[in-house]
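Protein chains in written order, with this note's numbering: chain E, 4 to 216; chain A, 620 to 794.
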């Protein structure tokens, strides 16, 4: 079995090299088909490629770095478990984000009460890593720190308070750089409905955050 | 393709215009937005002539820039190690020989088992169990005595025959 410690690095290098030689041919869907055929190094390549995007997406959904990592890993495990049923009917990322979206939405529903209780401590350093993630590294004054935290709390709060689909659409469009077509496929909406959804979401954010801009 | 854009058309494109994304969806509408620069002359013309749309676009841009301040953390150095451990566990679980309980996890077997149990309980409850054995009855109770009498009916009838035989033998022995 190819699951040794250096697997992620080795597989990434080999597949990247292969992809570099025939980048126009080897799509993520092709690599996923290799996973389906039992190539575990192909799976590790996909983990390497999308782990950052998944952690970022999950962090903005779950508001905790530790939970974000757990959820991102669970997304990849679900991809692995579903490998035998994978059909390249859509882009791999559409499938990946659909899994991620379902997982994140279920997590939020399951932990709604805990999250409401913890909202006040969102700007505190993460208890597991001790990192304070959202404040810039430059040395600001105390007043600047307070203002910055207020802005961040406002941004997170207003995005969080958007209706679920609007929030997902904003996170995918603004932070994951996905286009309307892909967002529409993930959310199972038409493109025009997605466009309208995003407009309403940004309009709402513009209105609610105008004191900070 | 539209020859001119009105305020409603522009409003619909605001998120894309503000984000400066080259969204192919916008090309369907006949516009072309590449990078932060708006290349479509019709959109440009409308924005230059409409102060409301122009101000709204600027407001959208500032809002999107504000959203950029919300940074997400990079994956921790332990991400890969944990991922590998979880994956190894997953692979080991799929390769582990399944015990008999594994069958119960399959929906079809679980449903069959449930149906069998429910059917069995129903039969026992209604007293029509085809394979029901003798039911233990507490001796001394009315039901117990009646059932014992009923069960021993044949035996008692044999006693009558034995009595007759005993009477006859007495007759022979004592003429």
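Cβ atoms here follow ideal geometry from the backbone N, Cα and C, with glycine treated the same way.
At 9 Å on the CB atoms, spell out the chain E contacts of residue 679(A), in chain order. 205, 206, 209
Quick check: what's the CA-CA separation for residue 33(E) versus residue 706(A)? 21 Å
Bridge partners - residue 1(E), DSSP secondary structure assignment: The displayed coordinates of chain E run from 4 to 216. Any statement about residue 1(E) would go beyond what the structure contains.
With 7 Å as the limit, tell me which residues of the stretch 50-75 of chain E have their beta carbon closer than that to any beta carbon of chain A; keep them in chain order. 50, 54, 55, 58, 59, 62, 63, 68, 72
Taking Cβ-Cβ distances shorter than 7 Å, what residues in chain E pair up with residue 694(A)? 54, 55, 58, 72
Interface partners of residue 102(E) on chain A, CB under 9 Å: Result: empty, since nearest Cβ-Cβ is about 15 Å, beyond 9 Å.
Can you list the residues of chain E that residue 715(A) reaches, using a CB-CB cut of under 8 Å? Result: empty, since nearest Cβ-Cβ is about 13 Å, beyond 8 Å.
Determine the DSSP secondary structure at residue 138(E), reduced to helix, strand or coil. Note that residue 138(E) has pLDDT 48, beneath the 50 cutoff, so the model's placement of it is unreliable and no number is given.
Spatial distance of residue 86(E) from residue 633(A) (CA atoms): 39 Å
Run down chain A in chain order and give the residues with a C-beta less than 8 Å from the C-beta of residue 215(E). 685
For residue 691(A), decide whether its Cβ has a neighbour in chain E, counting only Cβ atoms nearer than 8 Å. yes
Would you kindly check if the distance between the Cβ of residue 196(E) and the Cβ of residue 173(E) is under 8 Å? no
Which residues in the same chain have their Cβ closer than 8 Å to the Cβ of residue 39(E), if we skip the five residues on either side of it in sequence? 86, 87, 89
Run through chain E and tell me which residues come within less than 7 Å of residue 744(A), C-beta to C-beta. What residue 744(A) touches in chain E: nothing, since even the nearest Cβ is about 39 Å away.
Do we get a CB-CB distance below 8 Å when we pair residue 198(E) with the residues of chain A? yes
Candidates 215(E), 209(E), 214(E), of which the one nearest residue 678(A) by Cα: 209(E)
Within 10 angstroms of its Cβ, does residue 738(A) collect 16 or more other Cβ (buried), or is it exposed? exposed
Uninterrupted alpha helix (DSSP H) stretches inside the stretch 54-105 of chain E (no shorter than 4 residues): 68-84
Helix, strand or coil for residue 628(A)? Go by DSSP, reduced to three states. helix
Since residue 197(E) is in the alpha helix (DSSP H), which residue starts that stretch and which ends it? 194-211
What three-state label does DSSP hand residue 651(A) in the structure shown? In this prediction, residue 651(A) has a pLDDT of 44, which is less than 50 and means its spatial position is unreliable; what the coordinates show is noted afterwards. DSSP places residue 651(A) in coil when its eight states are reduced to three.
Could you tell me how far apart the beta carbons of residue 97(E) and residue 188(E) are, in whole angstroms, since I believe they sit closer than 8 Å? 5 Å
Can the beta-carbon of residue 103(E) be found closer than 8 Å to that of residue 60(E)? yes
Using a beta-carbon distance below 8 Å, is residue 663(A) in contact with chain E? no
Check whether the stretch 152-162 of chain E and the stretch 665-674 of chain A are in contact - that is, three or more C-beta pairs closer than 8 Å. no
Roughly how many angstroms lie between the CA atoms of residue 683(A) and residue 710(A), to the nearest whole one? 43 Å
If you draw a straight line from the C-alpha of residue 687(A) to the C-alpha of residue 150(E), how long is it? 16 Å
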